[in-house]
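Quick note on my numbering: the sequence shown kicks off at 69 and runs consecutively.
For each residue, glycine too, the CB sits at the ideal point set by N, CA and C.
Data first, discussion second: the structure below is written as structure tokens.
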Amino acid sequence: MRFRSAGAAGVVVAVAAALLAGCTSSGGGSGPVTLDLWSWAPSTQKVVDAWNAENPDVQIKYTDAGGGDDSSSKLLTASRAGNAPDLALVEYTTLPAMIVADVPADITEYVSDIQGDFTEGTWGQTTFDGKVYGIPQDVGPMSYTYRQDVFDSLGIAAPATWDDFRTAAQTIRTSDPDSVIAAIPPAEFGMFAGIAAQAGSQWWTVEDGTWTVGIADEKSLEVADYFQGLADDGLVSTDPLLTPEYDKKLNDGTMLSWPSALWAPGVLQSVAPDTAGKWATAPLPQWTAGDTAVSYQGGSAVIVTKNSKNAEAAADFAKWYNASEEGLDLILGTQNLYPAATSGQELATDQAPPALMPQQTDFYSQAAEISANTTPVTWGPNVNLAKSVFVDALSKAITDKTPWRDAFVATQKAVVDDMVKNGFTVSNG
């Protein structure tokens, strides 16, 4: 078994110590410990098989729990009933709500030795009020994927700033009125949050139990104004992503980029495979020339639940999975995810580039540089409410041709009111 760091190398020793201390199987009695893991990540069973082959005293039982809201609902229900799994994969956006619902255990004492294997921004995704509630597994640092062939033919470089993005959008529309640089639809709540964080906003923060909500702070409102300006001038579309109409534009070369995250090439390859070799990925445009910070769009972490009777052993498996060389090889090579651990990102530099851009041999080296400059983002306990209100309000603003910033203000009010109603202390409530 190969390990990345001293922290991860201690897994076997720690598990043995836990067993000697009297850990029993989840079913009761003496003998091997069996830990339940819920996840939706691809090929998780292969990861579990690799662990089980080398750890007969601590066996993992994997259940495919589905992804997204469905998985979260199942986990919340199981936790309330007292029969949640020992371990679960949780999206970063839903982790705060899980913490409020008392689902994840505070595992700070078990995992502090691997904190250095992650960037500050990545580790911050699972740290709330100084306590660690999960180990980051994969991340979605924001990036910019674009039709390099069309940009080159128009003499446009990948935009380094958002001002450059507007200029490129104007050039594209002038050259072909049927083409647009990108779609910025109201449903992209996570994209808006990430770009606002890049500008210096934090939509939720918490310190000593007091929350601050910044969805309608000045930086966020400037982001709203910027993208409304693009839409009002016909420089971007506001139509939904990944519909048949959108996919057709990707294939015929009239939808020319996607400000999103490092997972975008895989998505685009799945819907526009015949365009492979025509795309490239670059850093996300910046608000100020020379800056490098980006936030996240997507990603997940492995938590240990409070229901687990073997929290230390569960945390040790999660450490092996997400911070050992063997685990990271599996995340990268078998699960095809972009690892959260910096050593996993270094391993990725030896991988072939995504099928969408086989010519971009520096893709993973560039991805590692992008990931090294991520800025922390904190999600709140009522993200689902915020997203629902935001999407409805922004859709209405687009239809009614009213200020987009009003949607941000409406979301702020709804979020704060909901938090106060549910007993949270909110500094700007």
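{"Item": "Per-residue DSSP class, three states only, for Val484", "Value": "helix"}
{"Item": "Cα-Cα separation between Val281 and Ser456, rounded to whole angstroms", "Value": "16 Å"}
{"Item": "Proximity winner among Asp300, Thr102, Ile128, relative to Thr112 (alpha-carbon distances)", "Value": "Ile128"}
{"Item": "N- and C-terminal bounds of the beta strand (DSSP E) containing Tyr214", "Value": "203–215"}
{"Item": "Coarse secondary structure for Ala108, derived from DSSP in three states", "Value": "Inspection of the sequence shows that residue 108 is occupied by Trp rather than by Ala. Trp108 falls in the coil class under three-state DSSP."}
{"Item": "Minimum C-alpha distance to Ala369 - residue among Ala379, Ala350, Ala408, Thr402", "Value": "Ala408"}
{"Item": "8 Å Cβ cutoff met for Gly198 and Pro444", "Value": "no"}
{"Item": "Status (buried if at least 16 other CB within 10 Å, exposed otherwise) for Gly491", "Value": "exposed"}
{"Item": "Option nearest Pro63 by Cα separation, candidates Ala379, Ala225, Leu405, Glu275", "Value": "Beyond the ends of the chain as shown, which are 69 and 497, falls residue 63; an answer cannot be given."}
{"Item": "Among Thr467, Ala361, Ile466, nearest to Ala267 - alpha-carbon criterion", "Value": "Ala361"}
{"Item": "Selected residue, minimal CA-CA separation from Ala226, among Leu324, Thr373, Val168", "Value": "Leu324"}
{"Item": "8 Å Cβ cutoff met for Leu499 and Gly202", "Value": "Outside the displayed span of the chain (69 to 497) sits residue 499, for which this structure offers no information."}
{"Item": "Within 8 Å, strictly: CB atoms of Ala250 and Val304", "Value": "yes"}
{"Item": "The ligand HEM heavy atom lying under 7 Å from the CB of Val171", "Value": "This structure simply doesn't include the ligand HEM, nor any ligand for that matter."}
{"Item": "Integer Cβ distance of Leu298 from Arg234, believed to fall under 8 Å", "Value": "6 Å"}
{"Item": "C-beta atoms of Gln205 and Ile438 nearer than 8 Å", "Value": "no"}
{"Item": "Whole-angstrom distance between Val484 and Ile371, CA atom to CA atom", "Value": "27 Å"}
{"Item": "Beta-carbon gap between Pro351 and Tyr212 smaller than 8 Å", "Value": "yes"}
{"Item": "DSSP-derived helix/strand/coil call for Gln434", "Value": "helix"}
{"Item": "Any 3 or more C-beta pairs closer than 8 Å across the stretch 343–350 and the stretch 155–170", "Value": "no"}
{"Item": "For Ser328: DSSP bridge partner residues", "Value": "Ser211"}
{"Item": "Span separating the alpha-carbon of Thr322 from that of Pro245", "Value": "9 Å"}
{"Item": "Euclidean distance between Cα positions of Gln296 and Gln428", "Value": "33 Å"}
{"Item": "Beta carbon of Trp106 nearer than 8 Å to that of Ala149", "Value": "no"}
{"Item": "Residue from Gln238, Thr239, Ser139, Tyr294 with nearest C-alpha to Ile263", "Value": "Tyr294"}
{"Item": "Where Gln419 falls, given that 16 or more other Cβ within 10 Å makes a residue buried", "Value": "exposed"}
{"Item": "Beta-bridge pairing of Tyr130 - partner residues as DSSP gives them", "Value": "Leu105"}
{"Item": "Buried versus exposed, by CB contacts within 10 Å (16 or more), Ala121", "Value": "exposed"}
{"Item": "Coil, strand or helix - Lys455 by DSSP", "Value": "helix"}
{"Item": "Coil, strand or helix - Glu159 by DSSP", "Value": "strand"}
{"Item": "Residues near Ala423 by beta carbon distance below 7 Å, same chain, minus five either side", "Value": "Gln337, Ala344"}
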